[in-house]
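Engineer:
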Amino acid sequence: MTEFEENLVAMLHELRGAPGIEVDIDKQGDVADEFGDAESAFQLVADWFGMPLRPSLQRRYMRFSQFWCHWRYKAGGMTFPGEMRMSYLLAALGTPTPPLGGAGSSTSERQLYEQLRVLDDRPESGTGALAAIRLQPSVDSPEIWYYDPAHGTFKMDVDYCQYLDAILVTKGTSGWQYLFTEAPLASREFVGPVTNLKSMLEVFPEVFPAHDYEPLRQRLLERL
Numbered sequence: 051m052t053e054f055e056e057n058l059v060a061m062l063h064e065l066r067g068a069p070g071i072e073v074d075i076d077k078q079g080d081v082a083d084e085f086g087d088a089e090s091a092f093q094l095v096a097d098w099f100g101m102p103l104r105p106s107l108q109r110r111y112m113r114f115s116q117f118w119c120h121w122r123y124k125a126g127g128m129t130f131p132g133e134m135r136m137s138y139l140l141a142a143l144g145t146p147t148p149p150l151g152g153a154g155s156s157t158s159e160r161q162l163y164e165q166l167r168v169l170d171d172r173p174e175s176g177t178g179a180l181a182a183i184r185l186q187p188s189v190d191s192p193e194i195w196y197y198d199p200a201h202g203t204f205k206m207d208v209d210y211c212q213y214l215d216a217i218l219v220t221k222g223t224s225g226w227q228y229l230f231t232e233a234p235l236a237s238r239e240f241v242g243p244v245t246n247l248k249s250m251l252e253v254f255p256e257v258f259p260a261h262d263y264e265p266l267r268q269r270l271l272e273r274l
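Numbering (the numbering used here), first residue to last: 51 to 274.
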């Protein structure tokens, strides 16, 4: 396995062994090694999708056909969920995203939705929320967007590697992506996501002391 694949597997072990956390979905698919190493796979991205991704993004190369985890923390009167479902980059880019938005979507929104490809979604949670990578020819570091039917679509202030790095720290806590957007978290409509984030930042530093949660805490404070 690649270093990042090993880190993902280690994250599952962290979740399974954490007090108060119940993991009810834990699916780790086969390693899709038919596309070769990171350099070979990135060359295919350039050939098939016209995106010559910068070599630095190869450090988070992941080949699992599926990596899916759903969990819930419940202890001390506090409850919050988390979920992630990801697949390897070529599969994500080659799979059209389900219809997003609605009849009221603007022309620019519809154009954006057509370019998005699912990077990470939450099927068990049933919210329809997902993170997506934007398919744009000639781009060497594609944009990452977060779509939530309840709140809209937001560009994230992360690249592909930074998104995957954040997964290891947040464990997919519901709504963590908002910490890297310009979403108005101080408004009443974001009470649910903000509650989850506050709970995560109260619990995780104690449960997962090997990770640094101070940068995420600062991000939340800056947005409230």
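Just so it is clear, CB atoms sit at the ideal spot from N, CA and C, and this is done for glycine as well.
No experiment lies behind these values; they were computed from the predicted model shown.
Decide if the segment 61 to 78 is in contact with the segment 257 to 269; the criterion is three or more beta carbon pairs, one per stretch, under 8 Å apart.
Structural biologist: yes
Engineer: Please report the distance separating the alpha-carbon of Pro187 from that of Met101.
Structural biologist: 5 Å
Engineer: Quick check on this structure: which residue in Glu239, Leu65, Thr245, Pro146 has the alpha carbon closest to the alpha carbon of Asp74?
Structural biologist: Leu65
Engineer: Look at the Cβ atom of Gly222, then the Cβ atom of Cys119, and state whether they are nearer than 8 Å.
Structural biologist: yes
Engineer: With DSSP as the reference, identify every bridge partner of Phe130, one or two as the case may be.
Structural biologist: Tyr123
Engineer: Using DSSP with H/G/I as helix, E/B as strand and the rest coil, what is Phe85?
Structural biologist: Three-state result, Phe85: coil.
Engineer: What does the Cβ neighbour count give for Leu271, buried or exposed, with the cut at 16 atoms within 10 Å?
Structural biologist: exposed
Engineer: Does the Cβ of Asp190 have 16 or more other Cβ atoms within 10 Å, making it buried, or fewer, making it exposed?
Structural biologist: Exposed is the call here.
Engineer: Kindly identify the DSSP beta-bridge partner or partners of Gly202.
Structural biologist: Asp198
Engineer: Within the same chain, show all residues whose beta-carbon is closer than 7 Å to that of Phe130, passing over the 5 residues directly before and after it, in chain order.
Structural biologist: Tyr123, Thr223, Ser224, Asn246, Ser249, Met250
Engineer: Can you tell me which of the three DSSP states Leu271 falls into?
Structural biologist: In the structure shown, Leu271 adopts helical secondary structure according to DSSP, grouped into three states.
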